[in-house]
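All remarks here apply to the structure that follows.
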């Protein structure tokens with residue numbers, strides 16, 4: 001699960017994701033079907049704002065929020081012992097996530113397709129991991145950006161497979 005957070009669900013947010021609420025039931029159903037194999041992720045600002053991140057948050061000053069701010073809260077129920085990877089980067093792929101998932105297939109859903117989903121899928125594929133992106137369980141800042149990201153992800157085949165929740169099997 002990638003970044004199913006209040007900052008992206010709230011329509012008045014500068015980071016609102018078009019279609020967020022429409023994918024919530026699909027993401028929730030996938031979470032239920034994967035059970036204890038789900039890894040939740042959160043994008044949270046690093047207060048150090050290293051290098052270009054300072055300019056990024058100059059552009060988005062309303063998101064200079066502490067990690068405990070409700071904007072960073074996950075919007076779906078997370079089981080008590082479920083792993084949550086919290087990083088200040090778009091991609092969540094790295095030693096922590098790899099250590100949790102091991103050699104298991106990586107099936108991804110969440111937001112935003114053109115940002116955190118794309119970044120994580122690309123980094124995992126670049127590391128030689130097979131990745132499946134569930135298109136109808138992802139949403140982007142706009143429908144057009146979502147669709148464009150899916151086209152780009154599809155170009156990474158066979159490292160990345162784009163499918164739907166109905167075809168996931």
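Residue numbers (the UniProt record's numbering): 1 to 169.
The beta carbon of each residue, even a glycine, is placed where N, CA and C say it ideally should be.
Helix, strand or coil at residue i [DSSP, three-state]
i	result
residue 5	strand
residue 60	coil
residue 136	strand
residue 14	coil
residue 120	helix
residue 42	strand
residue 78	coil
residue 50	coil
residue 148	helix
residue 67	coil
residue 165	coil
residue 35	helix
residue 154	helix
residue 91	coil
For residue i: DSSP bridge partner residues
i	result
residue 160	131
residue 110	2, 138
residue 86	42
Straight-line gap, residue i to residue j (C-alpha atoms, nearest Å)
i	j	result
residue 156	residue 162	10 Å
residue 122	residue 31	22 Å
residue 136	residue 48	35 Å
residue 54	residue 62	13 Å
residue 69	residue 14	16 Å
residue 119	residue 152	11 Å
residue 160	residue 103	15 Å
residue 145	residue 76	24 Å
residue 78	residue 99	20 Å
residue 72	residue 8	9 Å
residue 101	residue 125	14 Å
residue 33	residue 109	13 Å
residue 117	residue 107	11 Å
residue 224	residue 164	Lying before the first or after the last residue shown, residue 224 is absent from the chain, which here runs from 1 to 169.
Exposed unless 16 or more other CB atoms sit within 10 angstroms - verdict on residue i
i	result
residue 129	buried
residue 12	exposed
residue 92	buried
residue 21	exposed
residue 17	buried
residue 67	exposed
residue 45	buried
residue 113	buried
Closest Cα partner of residue i within the set the options
i	options	result
residue 96	28, 29, 42	42
residue 94	58, 127, 44, 74	127
residue 4	56, 64, 149, 90	90
residue 178	106, 16, 39, 2	Residue 178 lies beyond the residue range present for the chain, which begins at 1 and ends at 169; the question has no answer from this structure.
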